[in-house]
Amino acid sequence: MAALNKHNTENGTLNKPPMFTLEDYDTWKVRMEGFIRNQDFKLWKSVLEGPFIPTVPAAGAGGASVPKDQALYSDEDYKRMEVDSKALWLIQMAIPNSIIHAFKKCKSAQELWNSLQQMYEGSEDVKENKKDMLKKKFKNFCQQNNEKMTSQYLRYVQLFDELVAAGVKMENQDVIRKFLRSLPHAWNIYSMAIRRTENLRNLKLSERFGILSAYQMEIDAQEPKSSHVTSGSAALYAPINNPS
22 MAALNKHNTE NGTLNKPPMF TLEDYDTWKV RMEGFIRNQD FKLWKSVLEG PFIPTVPAAG
82 AGGASVPKDQ ALYSDEDYKR MEVDSKALWL IQMAIPNSII HAFKKCKSAQ ELWNSLQQMY
142 EGSEDVKENK KDMLKKKFKN FCQQNNEKMT SQYLRYVQLF DELVAAGVKM ENQDVIRKFL
202 RSLPHAWNIY SMAIRRTENL RNLKLSERFG ILSAYQMEID AQEPKSSHVT SGSAALYAPI
262 NNPS
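Numbering follows the working numbering, in which position 133 of the sequence shown is assigned residue number 154; successive positions increment by one, without gaps.
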């Protein structure tokens, strides 16, 4: 039950926003955007474009609009202003008490959202350093000791998502090719055949993993259950100790 509550707190529910976490701002940002859009797309529009401010034409011909006196607000004005008020409240509800005081001066959803981005995504130098770190992590990606293929695949997808979020552009075939090359040696014959015969430019990574999984199931069905010999594709789900 405690684990379930922790999951709901971090990921959010249909009516409860995901809780902001200092350690994983990028993931929270994606989930929070989805939560706000699911509540009402007008709320997300307010985050992006800023709050509605009632105005009236300025005196004189061709005069620019000026803010309307609050005493003249119509019911429609209040209704449109409530959109940003709700968007702001949703974001505030996702921020823990330990840091909410740093953003108490933010008066609109857009201001609060941008302030969070500025603080936790960092300056341009910080962003570039993060890109370099993620690129290096991508270059060195490989299967970890005693890791199942499904776990390796999920780590790879998360790394790819982080690269995209950081603004790193990657060709689809390079993403798939890197994953195939990161597989254990037992998979070399399969990954080499895939790289030579498949159009990697038009193939999704999830589709490729599905094909590898199908290979695994087919071979598992053919092998005797009592066999102690590990086939090449048995590495898909069986832990493998890579040589150090």
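Note that CB positions come from ideal geometry on N, CA and C, so glycine has one too.
Fair warning: this is a prediction, and the values are worked out from it, not measured in the lab.
Residues that residue i bridges to, as DSSP identifies them
i, result
"residue 39", "DSSP output for residue 39 lists no bridge partner at all."
"residue 86", "78"
Of the listed residues the options, nearest to residue i (C-alpha basis)
i, options, result
"residue 236", "116, 207, 88 and 223", "207"
"residue 34", "47, 57, 44 and 46", "57"
"residue 60", "168, 110 and 205", "110"
"residue 119", "217, 43 and 242", "43"
"residue 37", "46, 45 and 52", "52"
"residue 190", "165, 175, 217 and 153", "153"
"residue 308", "144, 173, 134 and 145", "With the chain represented from 22 up to 265, any question about residue 308 goes unanswered, as that position is not in the structure."
"residue 70", "132, 47, 85 and 39", "132"
"residue 127", "213, 91 and 105", "105"
"residue 114", "147, 40 and 185", "40"
"residue 103", "66, 211 and 148", "66"
"residue 234", "137, 172, 121 and 147", "172"
"residue 137", "242, 231, 239 and 54", "54"
Beta-carbon separation (whole angstroms), residue i vs residue j, contact threshold 8 Å
i, j, result
"residue 73", "residue 101", "4 Å"
"residue 151", "residue 187", "6 Å"
"residue 112", "residue 130", "6 Å"
"residue 215", "residue 204", "Actually they are not in contact, since the Cβ atoms of residue 215 and residue 204 sit about 10 Å apart, beyond 8 Å."
"residue 47", "residue 183", "6 Å"
Chain-order list of residues whose beta-carbon lies under 8 Å from that of residue i (same chain, five-residue window excluded)
i, result
"residue 140", "123"
"residue 180", "155, 158, 159 and 162"
"residue 26", "Residue placement at residue 26 cannot be trusted, given a pLDDT of 49 that sits under 50; the coordinates are not used to answer."
"residue 232", "215"
"residue 185", "191"
Cutoff 6 Å; reference residue i; Cβ partners in own chain excluding five residues on either side
i, result
"residue 99", "none"
"residue 89", "75, 76 and 77"
"residue 199", "none"
"residue 142", "none"
"residue 261", "In this prediction, residue 261 scores a pLDDT of 36, lower than 50, which makes its location untrustworthy; the coordinate-derived value is nonetheless stated afterwards. So the list reads 205, once near-sequence residues are dropped."
Sequence-distant residues of its chain with Cβ nearer than 7 Å to residue i (five each side left out)
i, result
"residue 107", "64"
"residue 197", "221, 224, 226 and 229"
"residue 87", "76, 77 and 79"
"residue 50", "none"
"residue 92", "none"
"residue 94", "75"
Heavy atom of the ligand FMN within 8 Å of residue i beta-carbon
i, result
"residue 194", "Ligands are entirely absent from the displayed structure, and the ligand FMN is therefore not among its contents."
Going residue by residue through the region 129-172, where are the continuous alpha helix (DSSP H) segments of at least 4 residues, counting only ones entirely within it? Runs of the alpha helix (DSSP H) inside the region 129-172: 130-142 and 145-160.
Uninterrupted alpha helix (DSSP H) stretches inside the region 174-213 (no shorter than 4 residues): For secondary structure counted as the alpha helix (DSSP H) over 4 or more consecutive residues, the region 174-213 holds these complete runs in sequence order: 193-202.
Could I get the ranges of all uninterrupted alpha helix (DSSP H) runs contained in the region 96-124, with 4 residues as the minimum, in chain order? Secondary structure remark: continuous alpha helix (DSSP H) runs of at least 4 residues inside the region 96-124, in chain order: 96-115 and 118-121.
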